[in-house]
Structures are given as C-alpha cells and as structure tokens.
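These notes are about the structure you will find just below.
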Amino acid sequence: MLMWGTTWLRNELTDHASQRVRYIRENEVNEELPVTFGDTDEVQLDRDGIIPKAHQIEFLIPAANFVLNGKPIEPQTGDRVQWVHPIWGDVIEWEVMPEGTEPADAKWDRHEMGWRVPAKQVYASEGRADP
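Throughout the sequence shown, residue numbering follows my numbering, covering 21 to 151 in sequence.
Here's what the structure looks like:
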C-alpha cells in the first residue's frame, strides 16, 4: 500500500508541478523531459559562530522518464539541464553536481522511483537567475 501511495504522489507531482527541460550529456540531448524544480537553503552554524547560507537548486526526475536517446540513464556530474521560460523565452542552464557528501545520483525515495539531481546555475540569458 505504501508503494502504491508513493507512486500516486510521484505521478501527481509530475503531472501538476513539473516543467519541461532538455537534459544534456556531452553532445547528446534529450528532446524534453518533465522535471519538478526544488530548492534547499542550507544554514549551519560554523565553529566561529558565523551562519553561512547555501542555496541549492535540485530537480526531481521520475526514473521512468529519465532517458537519453531512448535508453534509461542515471545523472552524472557535468550533465546539463536547460530550461526555456515559457513566456519570456529566456534560457537558464544548470550543471549537475554533487551536493556536499552526497553523490549527484541520489534517489529521491527509498523505492528508487525517481532521482533527486542537485545542480548549480551556469548560464542565464537576459540576466535572469530564477525559474
């Protein structure tokens, strides 16, 4: 029953909160892939009492949709995610990178139905920085 509930929630999230992006690995480009944008603000007190903040963008990608040239893939450091704003046409591009001690290919649930892909922004046309 838990597996069914997790599947239903993942499908609802993808159906109602996802955006279409291009996933790029070297010279291979996925036509379009549904992803859900996520972000995390990390705040941690260091030993000097300073609170550094880090803002991390991440993409939630259902494993069933994560294919490149018709073959299932796993995220790798250096892959790119490119999004075109549906109204303005601005292009924003992120590079997949590990987050802290976690690998770039962390699953987003224990049933391994999707990927949580952390990334950093590497390009934005028109100077816009947020999706």
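Where a beta carbon is used, it is the ideal one built from N, C-alpha and C, also for glycine.
Note that the structure is a prediction, hence the values are computed from the model and not measured.
Asked: Glu46 versus Gly58: straight-line alpha-carbon distance, rounded; Found: 24 Å
Asked: Alpha carbon of His36 to alpha carbon of Arg67, nearest angstrom; Found: 42 Å
Asked: Start and end residues, beta strand (DSSP E) containing Trp103; Found: 100 to 104
Asked: Short Cβ contact (7 Å threshold) for Trp114 with Ala139; Found: yes
Asked: As assigned by DSSP and simplified to three states, the class of Asp110; Found: coil
Asked: For Ser145, the nearest candidate out of Gln102, Val137, Asn50 (CA to CA); Found: Gln102
Asked: CB-CB length for Asn50 against Val87, believed under 8 Å; Found: 7 Å
Asked: Beta-carbon gap between Asn89 and Glu48 smaller than 7 Å; Found: yes
Asked: Endpoints, the beta strand (DSSP E) within which Ala144 is located; Found: 134 to 144
Asked: Per DSSP, the bridge partner or partners of Gln96; Found: None, per the DSSP bridge assignment.
Asked: For Asp12, the three-state DSSP class (helix, strand or coil); Found: What is shown of the chain runs 21 to 151, which leaves residue 12 out entirely.
Asked: Span separating the alpha-carbon of Pro95 from that of Pro106; Found: 25 Å
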